[in-house]
Amino acid sequence: MAEFLQHCANAMILGGTYALLGIGLTLIFGIMRVVNFTHGELYTFGAYMAFMLAGLFAFNFFVSLVLAALLGVALGALIERVLLRPLRGADIDTTMLVMIGAGIALQASEQLVWGGVAKSVPNPFPTAPLTIGPVSIGPIRLFVLGVAVLLLIAFYGLINRTRLGMAMRATFQDPDTAALMGVNIRVMYTMTFALGSGLAAIAGALLGPIFIVYPTMGDLVALKAFAIVILGGLGNIPGAVIGGFVLAFVEEFGAGYVSSGYRDAMGFLLIIAVLIVRPRGLFAAKERIG
Amino acid sequence: MTQQLLPWLFLAFMATLPLWMTDLYVLHVLVSTGIFIIGAMSLNLLLGYTGQLSLGHIAFFGIGAYTSALLSLGFDLDLGGAEPFVVGPQPVWIAFTGGVLMAAAFGGLIGKLAFRVRGAYFVIVTISFAQVMRMVALNWVDLTEGPMALTGIPPLSVWLPGEGVIGLYDKLSNYLLVLGVAVVCYVVIRHLVDSRVGRAMVALRENEPLARSVGIDVTRYLVIATVIAAGMAGAAGGLYAHYVRIVDPDVFLFIYTVTMVIMVITGGKGTLAGPIVGGLLFGALPEVLREVARPEVQWIVYGIAMIVIVFFLPQGIVPAAGRLWERLRPRRPAPGGTALRAGKETSA
Amino acid sequence: MSAAPAPVPVSAPASAPAPVALDVREVAVHFSGLVAIASMSFRVPEGEIVSLIGPNGAGKTTAFNVITGFLKPTRGTVLCGGSDLTRLTPERIAALGVVRTFQRTSIFAGCTVLENVLTGLHRRGRTETLAALLRLPGVRAETQRLRATAAEILAFVGLAHRDGELAANLSYGEQRLLGIAIALAADPRLLLLDEPAAGLNPSETEAFMGVVRGIRDRGVTVLLVEHDMRMVMTISDRVVVLNHGRIIAEGRPEAVQSDPEVIRAYLGQGVRHAQG
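Residue numbers (the working numbering), protein chains in the order written: chain A, 1 to 290; chain B, 1 to 348; chain C, 1 to 276.
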């Protein structure tokens, strides 16, 4: 029982960051129809920025988090302006290939700048775990979960309560009609990509002190983000949150009770299984035929 | 006329190349590039002719490599029963064939899946498939040795009159072997795409509802295409395993699929020569860059090259060169479609 | 025959004595609560040109999608020569000789005109994968035979001189003709044409009508959805009028034209002429 609760706690913490990664990716796909292969690199970028600011420049950790997220937003906006805006209207395979190219270049750049040796971000919290009943959790992990939940709530508010969110939802439904209603689609696309990238970057920055930071850390994360998004249905934001937690629980319990070696395979097996049963994801939004 | 001669001239050049090119390092680069070109040609059948973007193609390569390696080394499987299931070392060509068949069987599964799971979902399923394969190779240590890799894989062999069966250890014979397999794959693809079967595949790419409305069973032809493509990728994997004689889980890395995709797109998807041209280019590029740049910079160049090609040469080099050629020769416009151009047999 | 339509019963479709090429029985289609077709029944007698008309959104293309298996109806059956088409996939339906064209893209744009028709001839070929891979002797002979047939079909629709051209490079009118040629290649007994004349100029439409009549005279039954009323009234042997997913009139062109309910349906939407 104690072991079970411990797994649940671990899965909740992991699920929070997975959800952050998932909503960013699904938002970009839902609105822009772009399968974003730079998502994992933005996550890595966020982690390195946290390392640079908090580790090298000895900034306050919390300030570093905010700055890393903002830098992620800026990099995302740049990628959208330079690579995706000229390709608007291109088919999904074309943008996918460009994003793969961009992902390769970004990862190699990170390797070039930071070298292959893993870095670690200083942990601002005490390392002694907090013990709550039978469960023990490092304070940093609790902080990560808290921030993730706060961000998820803030994101929900942004999408459902603000003018920007309304414009995004309108664009999501039907870009042409949204444009007629006065939504600036170009700006909306840039904002979407920047926001999604910012979420990936802050997820990387948040996990920096827990895991180590290295250039290819985004590879597996990106693939997992795809898994999360597929579970929830491409373009389905609540689905991505649920998908994030589902994946975390499956990984945690799969690793705990089945085989830890296959921990990272769980997500992919889950995707394959889900798509065989429901070819459009668990909570697929209705798509137009054609 | 020239277009018909070109493949023969190219083959003659490649076949006689070792006569004057004796640098072993160059031969080694050509062998590895050739193996990748076979992979790229097989990917082209899916990506270029049926129009399905599969980003897990390296999985078939890896399955071919592991199966062929394991069969030639022998293995025992503990399936929970009292007696483990033991397979002794098999002759290399039987092992190689086993690798091709195993990869083709997985190709059939993926092909069936492709019609349930479409577009971006299919892309992600194929990536996941390759990842799961990598995890299996890493973790099923009893079978695959995990990260320690399978080592001591015997080379492929030939029987020569007077000399008996000899193992192909050296670069030159491996070069000729890879060239031979590549030619077989090229001919197979060429025959296929210029046939009723190939037209059904192209119809799926061009206009799926219309294809179905004229009675083409698109699912069936997509499965056929994935089986053949996967089998060829498996053959490339087998060549690789018996050439480098060590196989580790990294053969399943996503970056290798990406390399094949770049080769196909750069050369021109849906053309016979495309993967060869793109493959030679991207096989040579790292070697050229190696002299002047660090590996990271090479990869940056790779990534940027991919973007630049998609932006400025979306059809690839071969169709662009074809158009240039026709513009330079102001004769009567030669009839010939992009889709099946290189496979045409019409005697003009 | 083509100039003066044979006398067919004006009123009840059920009394048609001629063999029936297509029998649509009480088909209903609902899209997540919305009714696209309420209940539709009509028959297409063999060897005739029958037009399905109605204002925009009346459910004509939906009816085509149901007949050719691209859409499963909520209720009802579609019968053709004793087979229930509603249970079959589009490719199986095509194999029974029911072939359609599409409103927008009815060609393989990236292939040449000849390749387009060769692709349409798929069902008339026998070459399978292994034979193709090995180039067995029969393959070449079959290719020759299919090429000859393709040339014949292209000559019939008047595109013989364009056979080497990329389909995407054809003019709009030529692309419509190529669409018909592909459908003809599939050897139809019943051909369904979805707004084939949309966007054609008057002289192209005239030529097009000749082609459609020629198809009927080859013994192929034609079911036509078309907005060009002049074309419909000129070439149809029988007209079925659909409005709001219901059939409101059926019979010979002259009879339908003067039907008060038909006039009301069209006036309600503003009189539409050609060019949708």
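No residue lacks a Cβ here, since even glycine has one placed at the ideal position from N, Cα and C.
How should residue i be labelled, buried or exposed, when 16 other C-beta atoms within 10 angstroms of its C-beta is the threshold for buried?
i	result
A148 (chain A)	buried
K72 (chain C)	exposed
A69 (chain A)	buried
H242 (chain B)	buried
S64 (chain A)	buried
H227 (chain C)	buried
S11 (chain C)	With a pLDDT of only 44 at S11 (chain C), under 50, the local geometry of the prediction cannot be trusted, and the value read off the model is given with reservation. S11 (chain C) is exposed by the Cβ-count criterion.
E326 (chain B)	exposed
G76 (chain A)	buried
A58 (chain A)	exposed
W299 (chain B)	buried
A6 (chain C)	Legend: pLDDT at A6 (chain C) = 44, less than 50; position of this residue unreliable, no value from coordinates given.
H161 (chain C)	exposed
L210 (chain B)	buried
G290 (chain A)	At G290 (chain A), the pLDDT of 25 sits below 50, so the modelled position is not reliable; the number obtained from the coordinates is stated separately. Classification of G290 (chain A): exposed, given that the 10 Å Cβ count is below 16.
S68 (chain B)	buried
Y172 (chain C)	exposed
F4 (chain A)	exposed
Q111 (chain A)	buried
L328 (chain B)	exposed
Leaving out the 5 sequence neighbours to the left and right, which residues in its chain are closer than 6 angstroms to residue i when beta-carbon positions are compared?
i	result
L234 (chain A)	F29
F125 (chain A)	P139 and I140
R216 (chain C)	I49 and V222
Q175 (chain C)	I107
V221 (chain A)	G40 and Y43
G243 (chain A)	G22, I228, L231 and G232
Among the residues of its own chain, which have a CB less than 8 angstroms from the CB of residue i, if the five just before and after it don't count?
i	result
M1 (chain A)	P134
S128 (chain B)	G56
V310 (chain B)	I265
A11 (chain A)	F245, A248, F249, E251, E252 and F253
A38 (chain C)	A28, H244, G245 and R246
I317 (chain B)	T266, G267, G268, G274, V277, G278 and L281
May I ask which residues mark the beginning and end of the beta strand (DSSP E) holding residue i?
i	result
Y221 (chain A)	The amino acid occupying residue 221 (chain A) in the given sequence is Val; Tyr does not appear at that position. Premise fails: V221 (chain A) lies in the alpha helix (DSSP H), M217 to G232, not in any beta strand (DSSP E).
F85 (chain B)	F85 to V87
M40 (chain C)	L34 to P45
V29 (chain B)	Unbroken run through V29 (chain B) is the alpha helix (DSSP H), L24 to N44; no beta strand (DSSP E).
D23 (chain C)	V20 to F31
T77 (chain C)	R75 to C80
I49 (chain C)	I49 to I53
V184 (chain B)	Looking at the DSSP string, V184 (chain B) is not in any beta strand (DSSP E); the run it does join, the alpha helix (DSSP H), is K171 to V193.
Between which two residues does the alpha helix (DSSP H) harbouring residue i extend?
i	result
A54 (chain A)	It is not in any alpha helix (DSSP H) - A54 (chain A) carries neither H nor E in the DSSP assignment.
N65 (chain C)	K60 to I67
S197 (chain A)	I185 to L207
G133 (chain A)	No alpha helix (DSSP H) contains G133 (chain A), which DSSP labels as neither H nor E.
L150 (chain A)	P139 to R161
R147 (chain C)	P137 to V157
V277 (chain A)	R263 to V277
Below 7 angstroms CB to CB, which residues in the same chain sit around residue i once its five sequence neighbours on both sides are set aside?
i	result
A9 (chain A)	V135 and I137
W20 (chain B)	none
N65 (chain C)	L71
A14 (chain C)	Reliability of the predicted coordinates at A14 (chain C) is poor, the pLDDT of 47 falling under 50, and no value is obtained from them.
Would you say residue i faces chain F, with C-beta separation under 8 angstroms as the test?
i	result
A102 (chain A)	Any reference to chain F falls outside this structure, whose protein chains are A, B and C.
| What are the residues of the segment 119-140 of chain B that lie near chain A, defined by any Cβ-Cβ distance shorter than 8 angstroms? | G119, A120, Y121, V123, I124, V125, I127, S128, F129, Q131, V132, M135, V136, L138 and N139
| field | Against chain A: residues of the segment 274-307 of chain B by CB proximity under 9 angstroms | value | R294, P295, E296, V297, Q298, W299, I300, V301, Y302, G303, I304, A305, M306 and I307
| task | Name, going along the chain, the residues of the segment 312-325 of chain B whose beta-carbon falls closer than 8 angstroms to a beta-carbon of chain A. | result | Those would be P314, in chain order.
| Which ranges would you report for the alpha helix (DSSP H) in the segment 64-128 of chain B if only whole runs of at least 4 residues count? | 92-114
| query | At which residue ranges does the segment 205-290 of chain B contain complete alpha helix (DSSP H) runs of 4 or more residues, listed in the order of the chain? | reply | 208-213, 218-244 and 254-267
| task | Taking a Cβ distance cut-off of 7 angstroms, strictly less, list which residues of the segment 216-228 of chain B are near chain A, in chain order. | result | none
| Residue ranges of each alpha helix (DSSP H) run of no fewer than 4 residues wholly in the segment 138-169 of chain B, ordered along the chain? | 141-144
| query | What residues from the segment 59-88 of chain A come within 9 angstroms of chain B, judged by C-beta to C-beta, listed N to C? | reply | Within the segment 59-88 of chain A, the residues whose Cβ lies closer than 9 angstroms to some Cβ of chain B are L83, P86 and L87, listed in chain order.
| task | Note down, in chain order, all residues in the segment 23-42 of chain C with a beta-carbon under 8 angstroms from any beta-carbon belonging to chain B. | result | When CB distances to chain B are screened at a threshold of 8 angstroms, not a single residue of the segment 23-42 of chain C falls below it.
| said: Closer than 8 angstroms between beta carbons: that is the criterion. Which residues of the segment 186-217 of chain B meet it against chain C? | reply: V188, H191, L192, S195, R196, V197, G198, R199, A200, V202, A203, R205, E206, N207, P209, L210, A211, R212, S213, V214, G215, I216 and D217
| said: Restricting to runs no shorter than 3 residues, where is the beta strand (DSSP E) found entirely within the segment 163-251 of chain C? | reply: 190-194, 221-225, 238-243 and 246-251
| Minimum length 4: unbroken alpha helix (DSSP H) runs contained in the segment 62-113 of chain A | Segments of the alpha helix (DSSP H) lying fully in the segment 62-113 of chain A: there are none.
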